[in-house]
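**Student:** Residue numbers (the working numbering): 15 to 324.
Here a beta-carbon is modelled for each residue, glycine too, at the ideal position from N, C-alpha and C.
Model, not experiment: these values are computed from the prediction.
Pasting a structure below so you can have a look.
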């Protein structure tokens with residue numbers, strides 16, 4: 015049972031305590047292999063950063079049968095949702111729950127890179143090269159190059175902030191003002207194991223900024239169109255939380271008590287919606303949009319139904 019003194023701790027930090035699993039790597043492995051249950055609900059990698067609540071029942075099932083190897087559903091190249099492809103590059107609409115690239119700690123977990131590799135090999139083509147990536151539980155656009163030269167040209171565009179990246183985020187509440195720029199200095203918190211607002215004297219802090227605009231309002235939530243100005247890791251998730259409007263389904267970057275009417279969703283409601291860049295060969299402008307996945311469409315429909323009832 016989670017005590018009052020432990021309430022608010024992240025799940026992975028609580029598990030990593032010396033009197034429990036002893037390290038964060040063991041904690042993450044236990045979560046990933048299906049050995050951790052909160053109120054009889056199996057926790058996944060996406061739950062590692064969730065905050066514990068007093069009174070919750072937590073079970074560590076170390077010898078759970080079949081848990082030594084995590085089971086993943088098989089992914090095939092034919093499952094790829096290709097938005098654009100030519101001789102130089104490939105743009106994919108990544109589904110939620112799929113890694114962009116393999117993780118050393120989870121070599122058996124399927125990744126989008128593996129699927130793209132199979133797709134190109136089936137055509138006798140070269141190896142794909144990653145240009146950028148998005149989080150496992152974020153859906154939407156991911157860009158791959160088909161040669162190191164094209165990869166460098168595209169990455170240089172990212173470095174110079176010439177590529178336009180637009181996301182759709184469904185957040186708790188309605189920001190005020192309903193459009194503007196979020197600007198923050200982000201620093202790493204070694205105790206909480208996440209990024210948050212940096213101290214004034216933190217020389218390692220990084221500037222983060224993005225433009226946001228409310229494009230749809232519900233009774234207790236809103237959909238934002240967010241355009242990145244900088245491109246820090248998990249930036250939109252972090253800044254939405256810092257400005258009091260955490261993304262629905264967010265389990266890691268929640269910096270205050272969850273809303274009393276928190277909306278249940280299995281992942282962060284974030285989708286990489288648009289990508290606009292110059293072609294690496296002839297510099298023509300390529301503009302791509304990725305349709306929303308089924309789970310986000312279902313969430314939006316649910317929010318609209320609640321709004322109508324109220």
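DSSP state of residue 311, grouped into three classes?
**Tutor:** helix
**Student:** So the candidates are 101, 16, 93, 280; which of them puts its Cα closest to the Cα of residue 138?
**Tutor:** 101
**Student:** Run the CB neighbour count on residue 130, radius 10 Å, all protein chains shown included, and call it buried at 16 or more, exposed below.
**Tutor:** It counts as buried.
**Student:** Apart from the five residues just before and just after residue 30, which ones in its own chain have a Cβ nearer than 6 Å to its Cβ?
**Tutor:** 37, 38, 41
**Student:** Can you tell me the Cα-Cα spacing of residue 313 and residue 111, whole angstroms?
**Tutor:** 16 Å
**Student:** Which value, in whole angstroms, describes the spacing of the CA atoms of residue 186 and residue 247?
**Tutor:** 21 Å
**Student:** Whose C-beta lies closer than 7 Å to the C-beta of residue 231 among residues of the same chain, with five residues either side of it excluded?
**Tutor:** 188
**Student:** Expressed to the nearest angstrom, what Euclidean distance is found between the alpha-carbon atoms of residue 155 and residue 33?
**Tutor:** Near 42 Å, if we compare the C-alpha coordinates of residue 33 and residue 155.
**Student:** Could you check the C-alpha separation between residue 145 and residue 218 for me, to the nearest Å?
**Tutor:** Their backbone Cα atoms lie some 25 Å apart in a straight line.
**Student:** Answer with buried or exposed for residue 295, where buried requires no fewer than 16 other C-beta atoms within 10 angstroms of its C-beta.
**Tutor:** Classification for residue 295: exposed.
**Student:** I'd like to check one pair, residue 277 with residue 291: are the Cβ atoms closer than 9 Å?
**Tutor:** no
**Student:** Counting Cβ pairs, one atom from each stretch, are 3 or more of them under 8 Å apart for the segment 175-183 and the segment 234-254?
**Tutor:** yes
**Student:** What is the residue span of the alpha helix (DSSP H) that residue 27 lies within?
**Tutor:** Element bounds for residue 27: 25-29.
**Student:** Across the segment 191-206 and the segment 147-167, are there enough close Cβ pairs to call them in contact, namely three or more that are closer than 8 Å?
**Tutor:** Contact between the segment 191-206 and the segment 147-167 is absent: fewer than 3 CB-CB pairs across the two stretches fall below 8 Å.
**Student:** Can you grab the Cα-Cα spacing for the pair residue 306 / residue 46, in whole Å?
**Tutor:** 27 Å
**Student:** Output the boundary residues of the alpha helix (DSSP H) element that contains residue 51.
**Tutor:** Note, residue 51: premise wrong, no alpha helix (DSSP H); beta strand (DSSP E) at 50-52.
**Student:** Tell me which same chain residues have a C-beta within less than 6 Å of the C-beta of residue 10, skipping the five on either side of it?
**Tutor:** The structure shown does not extend to residue 10, since the chain is modelled only from 15 to 324, so the question has no answer here.
**Student:** By the three-class DSSP mapping on this structure, what secondary structure does residue 286 have?
**Tutor:** strand
**Student:** Out of 311, 297, 289, state which residue places its alpha-carbon closest to the alpha-carbon of residue 148.
**Tutor:** 289
**Student:** Look at the alpha carbon of residue 227 and the alpha carbon of residue 203, and state the distance between them as a whole number of angstroms.
**Tutor:** Cα-Cα distance, rounded: 29 Å.
**Student:** With distances taken Cα to Cα, identify the nearest neighbour of residue 284 among 152, 122, 104.
**Tutor:** Nearest option by C-alpha distance: 152.
**Student:** Could you tell me the alpha carbon to alpha carbon distance between residue 105 and residue 170, rounded to whole angstroms?
**Tutor:** 17 Å
**Student:** Give the single residue among 118, 268, 224, 159 whose Cα lies nearest to the Cα of residue 293.
**Tutor:** 159
**Student:** Between residue 124 and residue 62, what straight-line distance do the alpha-carbon atoms span, to the nearest angstrom?
**Tutor:** Rounded to the nearest angstrom, the two C-alpha atoms are 19 Å apart.
**Student:** Can you tell me the Cα-Cα spacing of residue 175 and residue 243, whole angstroms?
**Tutor:** Approximately 7 Å, taken between the alpha carbons.
**Student:** Just the Cα atoms here: how many angstroms apart are residue 49 and residue 192?
**Tutor:** 42 Å
**Student:** Please give me, in chain order, every unbroken run of the beta strand (DSSP E) with length at least 3 that falls completely inside the segment 216-296.
**Tutor:** The qualifying runs are 220-231, 235-242, 284-292.
**Student:** Cα-Cα, which of 177, 109, 211 is closest to residue 297?
**Tutor:** If we check each option's Cα against that of residue 297, 177 comes out closest.
**Student:** Rounded to a whole number of angstroms, what is the C-alpha to C-alpha distance between residue 142 and residue 161?
**Tutor:** Roughly 7 Å between the two C-alpha positions.
**Student:** Scan the segment 69-143 and note each continuous beta strand (DSSP E) run of 3 residues or more that stays entirely inside, going in chain order.
**Tutor:** 72-74, 96-99, 103-108
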